[in-house]
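Asker:
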Amino acid sequence: MKKLIYMLTAAILSIGFTGCSTSSKIDTKKIEVNKEVNEVKGQDKQEAPKFELLDANGKKQVSTDYLGKVLVVNFFNTWNADSIKEIPEFMKVGNTYKKEGVEILFINSGEKGEDVTQFISDNPIASLNVLLDLNSEVTKKYGVDSSPTTYVIDRDGYIFARFAKTISKDELISTIKSVL
Numbered sequence: 001m002k003k004l005i006y007m008l009t010a011a012i013l014s015i016g017f018t019g020c021s022t023s024s025k026i027d028t029k030k031i032e033v034n035k036e037v038n039e040v041k042g043q044d045k046q047e048a049p050k051f052e053l054l055d056a057n058g059k060k061q062v063s064t065d066y067l068g069k070v071l072v073v074n075f076f077n078t079w080n081a082d083s084i085k086e087i088p089e090f091m092k093v094g095n096t097y098k099k100e101g102v103e104i105l106f107i108n109s110g111e112k113g114e115d116v117t118q119f120i121s122d123n124p125i126a127s128l129n130v131l132l133d134l135n136s137e138v139t140k141k142y143g144v145d146s147s148p149t150t151y152v153i154d155r156d157g158y159i160f161a162r163f164a165k166t167i168s169k170d171e172l173i174s175t176i177k178s179v180l
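Taking the UniProt record's numbering, I'd label the letters of the sequence shown as residues 1 to 180.
#1: Just verifying my parser: in three-state terms, what is the DSSP assignment at Asn129?
#2: Check whether the Cβ atoms of Met78 and Glu111 sit closer than 9 angstroms, and answer yes or no.
#3: Can the beta-carbon of Val72 be found less than 9 angstroms from the beta-carbon of Thr150?
#4: Across the stretch 78-94 and the stretch 50-57, are there enough close Cβ pairs to call them in contact, namely three or more that are closer than 8 angstroms?
#5: Scan the stretch 52-122 and note each continuous alpha helix (DSSP H) run of 4 residues or more that stays entirely inside, going in chain order.
#6: Once the 5 residues before and after Asp154 are set aside, which same chain residues still bring their CB inside 7 angstroms of it?
#7: Pick out whichever of Ile84, Ser121, Asp122 has its Cα sitting closest to the Cα of Phe106.
#8: Does the beta-carbon distance from Glu47 to Gly157 come in below 9 angstroms?
#9: Where do the N-terminal and C-terminal ends of the beta strand (DSSP E) with Thr149 fall, by residue?
#10: Where does Leu180 fall in DSSP's three states?
#11: Got a sec? Which residues, its chain only, sit under 8 angstroms from Thr139 by beta carbon, not counting five neighbours each side?
#12: With a 10 Å radius around its C-beta and 16 neighbouring C-beta atoms as the bar for buried, classify Pro124 as buried or exposed.
#13: Among residues of its own chain, excluding the 5 on either side of Ser146, which ones have a beta-carbon nearer than 6 angstroms to its beta-carbon?
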């Protein structure tokens, strides 16, 4: 009887673990970087994945339109407190460094457009460039697996730094100054 129980338990666990594995195809051009901060200054530069997304107003935004500018791309979710905490600080930094050619984009991943639009109207962030990655395709290309995650992309379209965590205003400013 004990042997039967052990065999059933092993079978159930085996099936459970098999069901937890992912076999869905993820973009093979996914960015391979560290989980925390990855500055690529001394390493081979890695080109940032290109994308086309609609903003919250339905206007198409294309990443290549930002070549020649330092681009800060923040992947966020409206339900994530850490993501929301960063937004006001990013807004201040964006306003301060806009004249120096710095643009900040916020990419919302996997949420319904109407939920993001409601979030924008409920919060004082109307001036932000909020893009909708409804199917998380761009999020996958960038290898984002947690929110918030921020990329700093240089003027030539190469990844300068990646933060897979909440970052402070000072960290963001320091990174922007390094890439300017």
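The beta carbon of each residue, even a glycine, is placed where N, CA and C say it ideally should be.
Answerer: Reading off the structure:
#1: strand
#2: The residue you asked about is not Met; residue 78 is Thr in the sequence shown. Cβ atoms of Thr78 and Glu111: closer than 9 angstroms.
#3: yes
#4: no
#5: 81-97, 113-122
#6: Val70, Phe160, Val179
#7: Ile84
#8: yes
#9: 149-153
#10: coil
#11: Phe75, Ile107, Ser109, Gly110, Asp133
#12: Around the beta-carbon of Pro124, fewer than 16 other beta-carbon atoms lie within 10 Å, marking it exposed.
#13: Ala164
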